[in-house]
Structure formats: structure tokens, C-alpha cells
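Engineer: Counting in the numbering used here, the sequence shown tops out at residue 704, every number present.
A single structure is presented below for examination.
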Amino acid sequence: MMMRQLVGVSLAMVLGTGSAYAETKLKLVEVITSPERTQTLQAMVDDYETANPGVEVEIVSLPWGQAFEKFATMVAGGDVPDVVEMPDRWLALYAGNDMLMSLEDNIKDWEHGDTLTQKSLDMGRYAGGTMYTVPYGFYLRAMFYNRKLLAEAGIDAPPATMAEFMEASAKVSELDGKSGYCLRGGPGGLNGWIMFAATMNGTNEFFTDDGKSRLDEPGSIEGIQFLIDMYQKGYAPKDSVSWGFNEIVAGFYSGTCAFLDQDPDALIAVAERMDSDDFAVAPMPVGPAGKAFPTIGYAGWSVFKSTEHASESWDLVAHLSSPESNKTWAKRVGVIPIHEGADQDPYFQTDQFKGWFTELNEPQYEPTIMPTYLEKFGFFADSIALESSQEALLGQRSAEDIASEWADFLTDEYTKWKAEQ
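Shown next, in the form of C-alpha cells:
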């Protein structure tokens, strides 16, 4: 009898141990990393694990500056995650290589699928017309402005036109130790160049009907020259030629410069350091055609086809994308939420959010989607455009010169993409 009991206890221990080892383990890679984002993501994952006791999720955090190369190395080496935070500029690459799971059927059967905004669905299908990612929010450019600095410079209202923007920047720059514009000349600065080129050219179409890039058209060159002039005339800080996200945001909340074009993610740091009465966010200034073309980007959650746990991976994405989770995420990391009605939350009903929602709802503002469906667009943004735009700011190259280089590269990439359709 005693021997039977011992065997039974031992067997129960073995089975118990075995069930622990049999738990489903998912790997989730985040690539737009910060302590606040990781903390928020971990809390959401903890809730998922509580609701799904048989599943354990490992979060791998990559620093954004090296994320593209590090993640590509992981995948090439066979260390492929189940779920990844997918930036828009990576989507075409991994979807085009048939590495991502289609989420169309999952969305169709999802209880919250019907409340996704049309823009969320359109963006999720941007690469190849198939839902390869569930966007978790949108990064839409609008113009932060420092009310105190504008008043000190004798400016009554934020600039509504590009001409007023240049004039206001000049006036603020006459103040001791102040500059008009927090220019992003370093990493991630392409949005500004594209946005102003489109606004001065009167269109956000990247290519003509015969497949030629419009970046070397006269209006586009004028927009590129606008930024070069802003820097070379001293309306932006001298060291802004190398500024990235952190530097331009700090330049604004420290009162170094009066204007900052950025997405809602900058609002978190700004609101922590500035009184809400001292700043607001206006729509981007319009160009000669009476239109502005603020860039809109996004990131989302994607599932790799190689996962051995497709159902659990989708359940994780669905949890992270639910209306409540997404609202929390949008507030903490600074994005426009993805579900209908989310903008009615009191958090978004402020002067600080007014500029973004004006751009989404009024016809003179047409959000511009970068051509991230081009396989080498990420390389163009992070390498080619970065180096050449800095050379132009420093007076080493002309607006015409870099516009021609950019147009040639994008025309070639578009021709390749078109041939594959």
C-alpha cells in the first residue's frame, strides 16, 4: 500500500511538472522601445496571461535606433518571434517575403472587428491589400506652438500658411537665445521634407500616372528649399542639423524654439514639462494651393506565419487591440486610437489634441501616407535621405540636387514594385 502511494505521489509530481513545461510560450518583440512603452505593454501582457493561464509571453525589447538591423538578423538566424510590433515601413518587406500571417479571417470573426475605423482597416491592408497587421494607432503630424514665445514676439495666432510659418519663425528668432522651429535634421527627419515638399507642390501624390516620382517637380523643390532656408537663415537651432526625436521635443518644452511639428507621442513629454495654458497644437500650415499634407504613419501587431501557436498569437493581438487596451495604449504612448468613438473620451477633448482631429476631419488637410509598400523605402528614409538632407542643410548640396537623387531612387523602386503587381 505504501509503495503504491509513493508511486502515485511521484507520478502526480511528474505529471504536474510536465504540465508546467507544456505551457504555450509566445515571443513578442517590441521595436519602438522606451521604458514607458515597455511598462505599459508588460501590464497589458500580464492581463492577457491572467486571462490565459496556459500561455506565457516573453517580451523582447529592441532599441529603435538599431531595431531594423537587429530584428532582421534575428529573423535571418531563425529566431523568429510569434508576434512583432510592426512599423509601417517594415510591413511591405516582411509581407512581400510571405512571412506574415493574414489576419483577414481573424478580424472578420473578432467581436471588436466592426468598431475598427476605416483608416485602421485601410492601413492594415496597405501592403498588398491583405490585413497583415492590426494598427495600434496613428502618428499624425500637427504643429505644436509655444503661446508665451509667440506673444513675446508679437504674434497673435499660430501660422495658418507656410508664408506665415516662415515669418513667425523669423520673428521668434529675433528673441535672445530663441529659435522659431525645432527642425529634425537627424534620424527620422524625412517626414518633414516630404510634408513640406507636398504642401508647396499642392499634391501628396508620390508618382505621376507614368510612374515618375514627383519629388523633383518645381513645387516639391520649393518645399525642400523652404526647410533649407529655415535652417540657413537661423530660424532653427544650429545643432538641429543632427537632432532626432528626443532633441526636437526637448527643444520645444525647454522653450528653445516656438514651433514643433510632431505626432501625439511628443505630447506626453511636453505635457509633463509645460503648463497646458502655455502651449497648444494647431493643424499644419497650408501651402499655395490652400492645402496641407501632414504625414500619417502607424505601427501595429503582426503574427509571423512560422508560429506554432497561431491561435494563441492572434488572441494576444486581439487582446492588445481591444478598445480598452487600445485606449490605454494610445494615452500612454501617444497615438490616435483605432476604434470608432474613442475620440469622444475626455482625454482627447482638449486644445492639445484639437490640431490632430481638425486634420482628420477638415477637407483642406489631407493626411499623407508614405510609400512604405516599396521594399527599400526603409533604407531610403533611414540612410539615403538622412545623409543627403543633412548635406543640403549644411550648404553642400542644392535642393535641386537632392530632389533629383530622391526622385530617381523612388522612381526605380516604384517601377520594380509595379512590375510585380
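Cβ atoms here follow ideal geometry from the backbone N, Cα and C, with glycine treated the same way.
A quick note: this is a predicted structure, and the numbers were derived from the prediction, not measured.
Tell whether a beta-carbon distance below 8 Å holds between threonine 323 and threonine 611.
Structural biologist: In contact: threonine 323 and threonine 611 (Cβ atoms closer than 8 Å).
Engineer: Who are asparagine 529's beta bridge partners in DSSP?
Structural biologist: BP columns for asparagine 529 are empty, so no partner.
Engineer: Alpha carbon to alpha carbon, what distance is there between alanine 613 and alanine 668?
Structural biologist: Taking the straight line from one Cα to the other gives about 29 Å.
Engineer: Taking 8 Å as the cut-off, decide whether the C-beta atoms of phenylalanine 509 and methionine 445 are in contact.
Structural biologist: Yes. Within cutoff.
Engineer: Exposed or buried, what is lysine 310 when buried is set at 16 or more other beta-carbons lying within 10 Å of its beta-carbon?
Structural biologist: Counting Cβ neighbours within 10 Å, lysine 310 comes out buried, since at least 16 surround it.
Engineer: Leaving out the 5 sequence neighbours to the left and right, which residues in its chain are closer than 8 Å to histidine 395 when beta-carbon positions are compared?
Structural biologist: These residues qualify, in order along the chain: Ala601, Ser604, Ser605, Pro606, His622.
Engineer: If we ignore side chains and look at the alpha-carbon of each, how far apart do tyrosine 464 and isoleucine 504 end up?
Structural biologist: About 20 Å.
Engineer: Along the chain, where does the alpha helix (DSSP H) containing isoleucine 685 start, and where does it finish?
Structural biologist: 682–703 is the extent of the alpha helix (DSSP H) around isoleucine 685.
Engineer: Using beta-carbon positions only, say whether tryptophan 700 and tyrosine 656 come within less than 8 Å of one another.
Structural biologist: Yes, the pair counts as a contact, with Cβ atoms nearer than the cut-off.
Engineer: What three-state label does DSSP hand alanine 305 in the structure shown?
Structural biologist: Here alanine 305 scores only 34 on pLDDT, less than 50, and its place in the model is too uncertain to base an answer on.
Engineer: Just grab the DSSP bridge partners of aspartate 544 for me.
Structural biologist: Note: aspartate 544 sits in a beta bridge opposite Met426.
Engineer: Identify the continuous beta strand (DSSP E) that holds serine 344 and give its terminal residues.
Structural biologist: Counting along the chain, the beta strand (DSSP E) containing serine 344 begins and ends at 338–344.
Engineer: Assuming alanine 593 contacts methionine 384 (C-beta within less than 8 Å), just tell me the rounded distance between them.
Structural biologist: Right, the Cβ-Cβ distance comes to about 6 Å (below 8 Å), so this counts as a contact.
Engineer: How about methionine 653 and methionine 426: are their beta carbons less than 8 Å apart?
Structural biologist: It is not a contact, given that the beta carbons lie outside the stated cut-off.
Engineer: Whose CA, out of Glu591, Ala625, Glu450, lies closest to the CA of tyrosine 419?
Structural biologist: Answer by Cα proximity: Ala625.
Engineer: Please list, in chain order, all residues of the same chain as asparagine 474 whose beta carbon is under 6 Å from its beta carbon, the five residues on each side excluded.
Structural biologist: So the list reads Thr578, once near-sequence residues are dropped.
Engineer: Please report how far the alpha carbon of aspartate 329 lies from the alpha carbon of isoleucine 619, in whole angstroms.
Structural biologist: Straight-line Cα distance between these residues: approximately 24 Å.
Engineer: For the region 576–660, list the beta strand (DSSP E) runs that are entirely contained and at least 3 residues long, ordered along the chain.
Structural biologist: As far as the region 576–660 is concerned, its whole beta strand (DSSP E) runs of at least 3 residues are 578–586.
Engineer: Between which two residues does the alpha helix (DSSP H) containing proline 501 stretch?
Structural biologist: Counting along the chain, the alpha helix (DSSP H) containing proline 501 begins and ends at 501–515.
Engineer: Taking only three categories from DSSP, how would you classify valine 455?
Structural biologist: Here valine 455 sits in helix by DSSP.
Engineer: Under the three-state reduction of DSSP, which class applies to glutamate 670: helix, strand or coil?
Structural biologist: Three-state DSSP puts glutamate 670 in a helix.
Engineer: Should the region 543–562 be regarded as contacting the region 386–404, the criterion being three or more beta carbon pairs within less than 8 Å?
Structural biologist: No, because fewer than three Cβ pairs between the region 543–562 and the region 386–404 fall closer than 8 Å, the two stretches do not touch.
Engineer: From the DSSP output, in three-state form, read off phenylalanine 421 for me.
Structural biologist: Looking at phenylalanine 421 - three-state DSSP - the assignment turns out to be strand.
Engineer: When you compare only the Cα positions, how much space is there between alanine 305 and glutamate 591?
Structural biologist: The pLDDT assigned to alanine 305 is 34, lower than 50, so where the model puts this residue is not dependable; a value taken from the coordinates is nonetheless given after this. Rounded to the nearest angstrom, the two C-alpha atoms are 13 Å apart.
Engineer: Valine 338 and valine 312 - do their beta-carbons sit closer together than 8 Å?
Structural biologist: Going by C-beta atoms, valine 312 is not nearer than 8 Å to valine 338.
Engineer: Once you ignore the five residues that flank arginine 430 on each side, which residues in its own chain have a CB closer than 8 Å to its CB?
Structural biologist: Hits under 8 Å: Asp560, Asp561, Phe562, Ala563.
Engineer: Give the DSSP-derived three-state secondary structure of tyrosine 377 in the structure shown.
Structural biologist: Three-state result, tyrosine 377: helix.
Engineer: May I ask which residues mark the beginning and end of the beta strand (DSSP E) holding tyrosine 464?
Structural biologist: First-last of the beta strand (DSSP E) with tyrosine 464: 462–464.
Engineer: Can you give me the start and stop residues for the beta strand (DSSP E) that proline 370 sits inside?
Structural biologist: Unbroken beta strand (DSSP E) run through proline 370: 366–370.
Engineer: What's the gap between the Cα of aspartate 492 and the Cα of proline 520?
Structural biologist: When rounded, the distance between both Cα atoms is 39 Å.
Engineer: By how many angstroms is the C-alpha of leucine 345 removed from the C-alpha of alanine 575?
Structural biologist: Going from the Cα of alanine 575 to the Cα of leucine 345 covers about 34 Å.
Engineer: For glycine 494 and methionine 557, I'd like the C-alpha separation in whole angstroms.
Structural biologist: The alpha-carbon atoms of glycine 494 and methionine 557 are separated by roughly 46 Å.
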